[in-house]
Structures are given as structure tokens and as C-alpha cells.
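>
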Amino acid sequence: MVSGDGENSLPRRSKRLRSGEEKGQEQGEEKMPVAKVVVEFSLVYERDPSLRSSRRGPAGTKDILETLFTKTQKKLDDEGALIESEILEQTSWSNKEVEYLIMLRSQGNQVFEQALKNQKLSLAWEKAALGLSKTLKVTKDAKQCQWMWYMLMKEYNSVLQGKDKEEFPFYPQMEDTKKYRAEVMSSSTAAEVYIEDERRSAENCSIFSTC
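End of the sequence shown sits at 211 in UniProt numbering; the numbers just go up one at a time, nothing left out.
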């Protein structure tokens, strides 16, 4: 025999469920998949197809027309699949600009390391950008130079970890800078620490915003 409490418990539970559903509908609480937005930075190498098809052996920068520093915003679903992608900013660099930046940054490594410790890295990059602009008659600001160097370091470290050298045309130039910072580039682990410091300092003041 079912007691009176047992008879009343089921209807009460159903009533509570219905009330919750109605409340959710009233408040518009129907949950939809929330897209995740990420911002990625990359280097895109625009190559000369005619030179690339006829080359033999490592080409380095011979077939590079320009290097594009690209900032891309991607929208991903909850499983990580790409929903849409949008290029937010893009900066073009000639081979001479990239190579001169590598020279400036490497030969001034001690100055930059001290500036990093003193949290005055932006001033060091302003001087580098000024030198680049005056010498090559181009317009590049401090943050553009800083982010380009960070990406070059990141690409170089990828080669140290096993990436094909052919995928990084500025590898010979970056390899040559070891004489200025051998203690930094002696291993991929040390390079990762160095790159992380560069990334943090760059992100403190975004290349595409004022600070």
C-alpha cells in the first residue's frame, strides 16, 4: 500500500521540473555552443614561383618576394574546429628589412638584454626601429620590429626542435647570430625561455595598439 507521502512526491517533483523549464524559457537560458576566439601571429613567405620551381638545393631568401607578418583572428567551436578566420593586420617586410633587423637586434644583444631586465625594452626597440627606418628609408615602428623579431626567434627555435630548415628562409641569418648570443641559443630549451621573455614584453604593449 502506497502511503500518502509517496503519492504526493511524484507530482511535486514533476511540478518543480516544469517550473524550471518555464523559468529557463522566460529568461532565455537555452544554451548554445559558445565559440572560442583566438588571435594568432604568423610569418607568411611570399615566394617567386619561377625561382622556386627551378632551384636546386637550399634557396634561403633567393625566392622570397616579401615576408608578411600576419595577425589573424580565428573563431573555433567547442571541439576546436575552425568556424571562420579573419586577417586583422598584415605588415610587409622586404628581405633587406628582415636581414637588417636581425643584424641590429643581434649585434645589440647586450643592450636589449639589459633593457629587458630594466623593463625598458620598448626604448631599445624604438632605437632599432629608428635605425631601420633611417638606413633603409622604410616606415616600421618599435612594436612592428619587436613582434617580427619575436616571430623570427620562434621560427628559429622550431628548426632547433626538428622543423625543416627549408620552411624558414632566414635560418642562415639567425644561425649566424649565435656569435652574439651563444649562451641563449645553445639549446632549444634556453631559446624557449628567451622567446617567452620576448613574447611577454611584446604582449605588454601590442604591436597594433598604442600604450
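Ideal placement from N, C-alpha and C gives every residue a C-beta, glycine not left out.
Work out the CA separation of Glu99 and Lys140 for me, nearest whole Å.
Position 140 of the sequence shown, counted from the first residue, corresponds to residue 140. Position 99 of the sequence shown, counted from the first residue, corresponds to residue 99. Each residue's Cα considered, the two are about 14 Å apart.
> Alpha carbon to alpha carbon, how far is Lys62 from Arg47? Give it in angstroms, no decimals.
Counting from 1 along the sequence shown, the entry for residue 47 is found at position 47. Counting from 1 along the sequence shown, the entry for residue 62 is found at position 62. Approximately 9 Å between the Cα atoms of the pair.
> Just list the beta strand (DSSP E) runs in the region 71-139, keeping only unbroken ones of 3 residues or longer that don't cross its boundaries, in chain order.
With a minimum length of 3 residues, the continuous beta strand (DSSP E) runs that stay inside the region 71-139 are 82-93.
> Do the CB positions of Phe112 and Leu123 come within less than 8 Å of each other?
Here residue 112 is taken as the residue at index 112 of the sequence shown, counted from 1. Here residue 123 is taken as the residue at index 123 of the sequence shown, counted from 1. No. Outside cutoff.
> With 8 Å as the threshold, decide whether the Cβ of Ala81 is near any Cβ in chain B.
In summary, chain B is missing from the structure at hand, where a single protein chain is found.
> What is the rounded straight-line gap between the Cα of Leu160 and the Cα of Met174?
Numbered from 1 along the sequence shown, position 160 holds the residue referred to as residue 160. Numbered from 1 along the sequence shown, position 174 holds the residue referred to as residue 174. So the alpha carbons of these two residues sit roughly 11 Å apart.
> Among the candidates Val39, Ile64, Ala142, whose CA atom is the shortest distance from the CA of Leu104?
Translated into the one-based positions of the sequence shown, residue 104 becomes position 104. The shortest Cα separation from Leu104 among Val39, Ile64, Ala142 belongs to Ala142.
> Considering only their Cβ atoms, is the gap separating Thr67 from Gln90 smaller than 8 Å?
In the sequence shown, counting from the first residue as 1, residue 90 sits at position 90. In the sequence shown, counting from the first residue as 1, residue 67 sits at position 67. Their beta carbons are not under 8 Å apart, which means Gln90 does not touch Thr67 by this criterion.
> Give every residue of the same chain whose Cβ lies closer than 7 Å to the Cβ of Val138, excluding the five residues on either side of it in the sequence, and list them in chain order.
For the purposes of this step, residue 138 is taken as residue 138 along the sequence shown, with counting starting at 1. The answer, listed in chain order, is Glu97, Leu132.
> According to DSSP, Glu46 sits in a beta bridge with which residue or residues?
The residue you call residue 46 lines up with position 46 of the sequence shown. DSSP output for Glu46 lists Glu66 as bridge partner(s).
> Which whole-angstrom value is the C-beta distance of Ile87 and Ala35, which I expect to be below 8 Å?
By one-based count along the sequence shown, residue 87 stands at place 87. By one-based count along the sequence shown, residue 35 stands at place 35. About 18 Å; that fails the 8 Å criterion.
> If you draw a straight line from the alpha carbon of Trp93 to that of Glu79, how long is it in whole angstroms?
Along the sequence shown, one-based indexing puts residue 93 at 93. Along the sequence shown, one-based indexing puts residue 79 at 79. So the alpha carbons of these two residues sit roughly 35 Å apart.
> Determine the burial state of Ala129: buried for a count of at least 16 other Cβ atoms within 10 Å of its Cβ, exposed for fewer.
The residue labelled residue 129 in the question sits at position 129 within the sequence shown. With 16 or more Cβ atoms within 10 Å of its Cβ, Ala129 is classed as buried.
> Specify the secondary structure class of Lys179 as computed by DSSP and reduced to three states.
Position 179 of the sequence shown, counting from 1, holds the residue named residue 179. In this structure, Lys179 counts as helix in the three-state DSSP scheme.
> Which of helix, strand or coil does DSSP assign to Lys36?
Taking the sequence shown and counting its residues from 1, the one referred to as residue 36 is at position 36. Of the three classes helix, strand and coil, the one that applies to Lys36 here is strand, per DSSP.
> Between the C-alpha atoms of Ile64 and Trp149, what's the straight-line distance to the nearest angstrom?
The residue labelled residue 64 in the question sits at position 64 within the sequence shown. The residue labelled residue 149 in the question sits at position 149 within the sequence shown. Using only the alpha carbons, I get a separation of about 18 Å.
> Need the endpoints of the alpha helix (DSSP H) that Gln146 sits in, please.
Translated into the one-based positions of the sequence shown, residue 146 becomes position 146. Element bounds for Gln146: 142-160.
> Quick check on Asn118: buried or exposed, where buried means 16 or more other Cβ atoms within 10 Å of its Cβ?
Counted from its first residue, the sequence shown places residue 118 at position 118. Classification of Asn118: exposed, given that the 10 Å Cβ count is below 16.
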